[in-house]
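Working notes, beginning with the structure itself.
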Amino acid sequence: MSVIRKVKKKAAKVPAKKAAGGAKAPAVAVNGVSRDAVLSALRAGIRAAGGDVELLFIGLHTGTTRFAASGIHQNMMETDLTVTARVAVGRKLGVATLNSLSRGDILSAIRQARESAKCAQPLREFEGFAGRQTYGPAPLPDPGIVRQDPADRAAALVPLFATAGRSKTELHGALLARWTQMGVVNSNGLEAWHEGTMADAQFIAMDPGGGGSGYAADAGRGWGALDLPTLAETAVKKCVLSRHPRDLDPGVYEVILEPAAVAEIFAWLPWIAFSGRSVEDGASFLKDKFGTQIATDPVTIYDDGLDAEGLPLPFDFEGRAKKAVYFVDKGVAREVVHDVVSAARAKSRPTGHAPFPGMAPAGAAMNLFVASGMSSVEEMIAQTRRGVLVTRFHYLNGLLNPPVAMFTGMTRDGAYWVEDGKVRHPIRNMRWTNSIARALQCVELVGRDRVVTPNSWSPFGSATVPALKLREWQFDSKTEF
10 MSVIRKVKKK AAKVPAKKAA GGAKAPAVAV NGVSRDAVLS ALRAGIRAAG
60 GDVELLFIGL HTGTTRFAAS GIHQNMMETD LTVTARVAVG RKLGVATLNS
110 LSRGDILSAI RQARESAKCA QPLREFEGFA GRQTYGPAPL PDPGIVRQDP
160 ADRAAALVPL FATAGRSKTE LHGALLARWT QMGVVNSNGL EAWHEGTMAD
210 AQFIAMDPGG GGSGYAADAG RGWGALDLPT LAETAVKKCV LSRHPRDLDP
260 GVYEVILEPA AVAEIFAWLP WIAFSGRSVE DGASFLKDKF GTQIATDPVT
310 IYDDGLDAEG LPLPFDFEGR AKKAVYFVDK GVAREVVHDV VSAARAKSRP
360 TGHAPFPGMA PAGAAMNLFV ASGMSSVEEM IAQTRRGVLV TRFHYLNGLL
410 NPPVAMFTGM TRDGAYWVED GKVRHPIRNM RWTNSIARAL QCVELVGRDR
460 VVTPNSWSPF GSATVPALKL REWQFDSKTE F
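Take any residue in the sequence shown, count from 1 to its spot, add 9: that is its number in my numbering.
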């Protein structure tokens, strides 16, 4: 029985727009707030306040349908509109946030930010807010997400519950639809606007008697990018195959990491390895290795806010245009992302990766990709002599020793013993400890199909990654489940 979902992710052919102040966006408003109304309110606030001011607007409209034991137990709709004011007094910065677009409230937030700036320590490298930018094209929002209806999500789930029941399993998980708006206006004449959409599906199939579990997930800019029946079927197959697991002795084995497992590891790397701050602090395993081979040839890792295969975002939280940045190119360490302050400290240039206002200067890689390879997961299995096929991880900790990216975690929702090119039987969950810096040197095969996983730490961005086969992986201990 195959336990792998075959998925081919291709960038949808959609009309493009420029994410700039003069660009045209759909005339649909989240909770009655339109692009024109937002930018007009931000401009008016900056004109009235005077001085060096930057205003960031974020609008989130999220619908979630949660289900357990093959039944829907929650539908939720949430709209959250925030404005963050950043004010510069010389080289000092202050920040204040509010949930209002009224002129009086915006002016009050600017005053608060200005008072905070007067009390702050100066940032020697700060040279002022960004000037006007030119932005690359980004896809328009998906109309189905903008006009989301929980009844549509429920209708899609009902037949999937029946499918799970025929295999004596139950489905748990969530369907999430989100429309995001982001605008930046500052006193230097910069105006930026972007609207994006996301559909996210997560399925966990479980044996009601506790006999196993399986997982499958995917995300895209709209429901048309997802195959919900195949996702549910994959989770069910994994659950069925994970019944009656056997023990595996701790040790070093070959490993095949499916995209969900790869994404969970790579969610840590933007912070501990791929930012200017992590290099400056000595926490990054890339420090002092730029231009040298740190991974096998098939490994290419990059950030690209305009790649339509992920969840695009063409500018950062300061309105600077995003540039594609290659951290590792065919195994060679190349560069990291920067905001304006970390770039100055590194004698480099900002790459359009400023973190949210108020966070320490660093550089945030929010649109992470691992380049596709040539192998299917079935081909990886066929080339494995003695190893473990891993669906995903649990209890991941990437802060054990950042300079070598030492991680620990557990397998979850489907781990299988592979021997002589075939999946033989399920195994009980295993705890592992590995250096990801070392693991990148052990990558033998890279999957040709990639899966999108939304960022867990931000409503924007994603990791778009394939499966990886590594020649060795250290499993420390076994569990009883």
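Cβ coordinates follow ideal geometry from the N, Cα and C atoms, glycine included.
Only a predicted model underlies this, so the values are computations on that prediction, with no experimental measurement involved.
Note to self: Measuring only the C-alpha atoms, how far is Ala352 from Leu185?
What the structure shows: Counted from its first residue, the sequence shown places residue 352 at position 343. Counted from its first residue, the sequence shown places residue 185 at position 176. Cα to Cα, the separation comes out at about 36 Å.
Item checked: Under 8 Å between C-beta atoms of Ile303 and Ala292 -> Start at 1 with the first residue of the sequence shown, and residue 303 comes out as number 294. Start at 1 with the first residue of the sequence shown, and residue 292 comes out as number 283. No. Outside cutoff.
Notebook entry, point to check: How would you call Thr189, buried or exposed, if buried means at least 16 neighbouring beta carbons within 10 angstroms?
Noted result: Here the question's residue 189 lines up with position 180 in the sequence shown. Classification of Thr189: buried, given that the 10 Å Cβ count is 16 or more.
Note to self: By the three-class DSSP mapping on this structure, what secondary structure does Gly174 have?
What the structure shows: If you number the sequence shown from 1, residue 174 lands on position 165. Gly174 falls in the helix class under three-state DSSP.
Item checked: Secondary structure of Gln492, DSSP reduced to three states -> Residue 492 cannot be examined here, being either before or after the span of the chain that is shown, 10 to 490.
Note to self: Tell me which residues share the same chain as Gln121 and place their Cβ nearer than 7 Å to its Cβ, disregarding the 5 neighbours each side in the sequence.
What the structure shows: Taking the first residue of the sequence shown as position 1, residue 121 is located at position 112. Same-chain partners within the cutoff: Ala105.
Check: Per DSSP, what kind of secondary structure is Met389 in: helix, strand or coil?
Finding: By 1-based counting over the sequence shown, the position of residue 389 is 380. Helix, per DSSP.
Notebook entry, point to check: Which residue or residues does DSSP assign as beta-bridge partners of Phe416?
Noted result: Position 407 of the sequence shown, counted from the start, is the residue given in the question as residue 416. Looking at the DSSP assignment, Phe416 forms a beta bridge with Asn443.
Notebook entry, point to check: Per DSSP, which one or two residues make a beta bridge with Ile436?
Noted result: Reading the sequence shown from its first residue, position 427 is the one you call residue 436. According to DSSP, which records beta bridges pairwise, Ile436 is partnered with Arg255.
Note to self: Which residue wins for smallest C-alpha separation from Leu180, given the options Trp482, Leu320, Pro168?
What the structure shows: Here the question's residue 180 lines up with position 171 in the sequence shown. If we check each option's Cα against that of Leu180, Pro168 comes out closest.
Notebook entry, point to check: Quick one: what's got a C-beta closer than 8 Å to Leu240's C-beta in the same chain, skipping five residues either side?
Noted result: One-based indexing of the sequence shown puts residue 240 at position 231. Counting only Cβ-Cβ distances below 8 Å, and skipping sequence neighbours, we find Arg14, Ala210, Phe212, Ala225, Ala226, Asp227.
Check: What whole-angstrom Cβ distance do Gly423 and Ile390 have, given they're in contact under 8 Å?
Finding: Position 414 of the sequence shown, counted from the first residue, corresponds to residue 423. Position 381 of the sequence shown, counted from the first residue, corresponds to residue 390. No, Gly423 and Ile390 are not in contact; Cβ-Cβ is about 14 Å, not under 8 Å.
Check: So which of Gly223, Pro435, Ala97 has the shortest CA-CA distance to Leu132?
Finding: Taking the first residue of the sequence shown as position 1, residue 132 is located at position 123. Nearest option by C-alpha distance: Ala97.
Margin query: Taking only three categories from DSSP, how would you classify Trp426?
Written below: The sequence position of residue 426 within the sequence shown is 417, counting from 1. If DSSP states are grouped into helix, strand and coil, Trp426 belongs with the strands.
Check: Can you list, in chain order, the residues of its chain whose CB lies under 8 Å from that of Gly140, leaving out five sequence neighbours each side?
Finding: To locate residue 140, count along the sequence shown from 1; it is residue 131. Within the same chain, Gly140 has close Cβ partners Asn197, Gly198, Leu199.
Item checked: In DSSP terms, what Tyr311 is bridged to -> The residue given as residue 311 occupies position 302 in the sequence shown. According to DSSP, which records beta bridges pairwise, Tyr311 is partnered with Tyr335, Phe378.
Next item on the list: Kindly indicate which three-state DSSP category Asp45 falls into: helix, strand or coil?
Entry: Mapped onto the sequence shown, residue 45 falls at position 36. In this structure, Asp45 counts as helix in the three-state DSSP scheme.
Checklist line | Contacts around Pro119, its chain only, beta-carbon distance under 7 Å, and the 5 residues preceding and following it disregarded | finding: The count along the sequence shown starts at 1 and reaches residue 119 at position 110. A quick correction: the sequence has Ile, not Pro, at residue 119. Excluding residues within five positions, the ones whose Cβ falls inside 7 Å are Gly54, Ala58, Val62, Ala94, Val96.
Note to self: Distance check for Ser49 and Ser444, CA to CA, integer angstroms please.
What the structure shows: Stepping through the sequence shown from its first residue, residue 444 is reached at position 435. Stepping through the sequence shown from its first residue, residue 49 is reached at position 40. If you take the alpha carbons of Ser444 and Ser49, they lie about 50 Å apart.
Note to self: Considering only the alpha carbon of each residue, which of Phe76, Ile115, Ala201 lies closest to Ala165?
What the structure shows: One-based indexing of the sequence shown puts residue 165 at position 156. If we check each option's Cα against that of Ala165, Phe76 comes out closest.
Check: If you compare alpha carbons, which of Phe484, Val427, Phe66 is closest to Met191?
Finding: By one-based count along the sequence shown, residue 191 stands at place 182. The shortest C-alpha separation from Met191 is found at Phe66.
Next item on the list: Note the first and the last residue of the continuous beta strand (DSSP E) segment covering Leu409.
Entry: In the sequence shown, residue 409 corresponds to position 400, counting from 1. 395 to 410 is the extent of the beta strand (DSSP E) around Leu409.
Check: Under the three-state reduction of DSSP, which class applies to Gly233: helix, strand or coil?
Finding: In the sequence shown, the residue the question calls residue 233 occupies position 224. Helix, per DSSP.
Next item on the list: Measure how close the beta-carbons of Thr473 and Val461 come, nearest whole angstrom, since I'm counting them as under 8 Å.
Entry: For the purposes of this step, residue 473 is taken as residue 464 along the sequence shown, with counting starting at 1. For the purposes of this step, residue 461 is taken as residue 452 along the sequence shown, with counting starting at 1. Confirmed, about 5 Å.
Margin query: One question on the structure: do Ala330 and Thr143 come within less than 8 Å of each other, judged by their Cβ atoms?
Written below: Here the question's residue 330 lines up with position 321 in the sequence shown. Here the question's residue 143 lines up with position 134 in the sequence shown. Cβ distance < 8 Å, so Ala330 and Thr143 count as in contact.
Notebook entry, point to check: Does the separation of the CB atoms of Leu216 and Thr178 fall below 8 Å?
Noted result: For this step, residue 216 is matched to residue 207 along the sequence shown. For this step, residue 178 is matched to residue 169 along the sequence shown. The question names Leu, but residue 216 is Asp in the sequence shown. It is a contact, given that the beta carbons lie within the stated cut-off.
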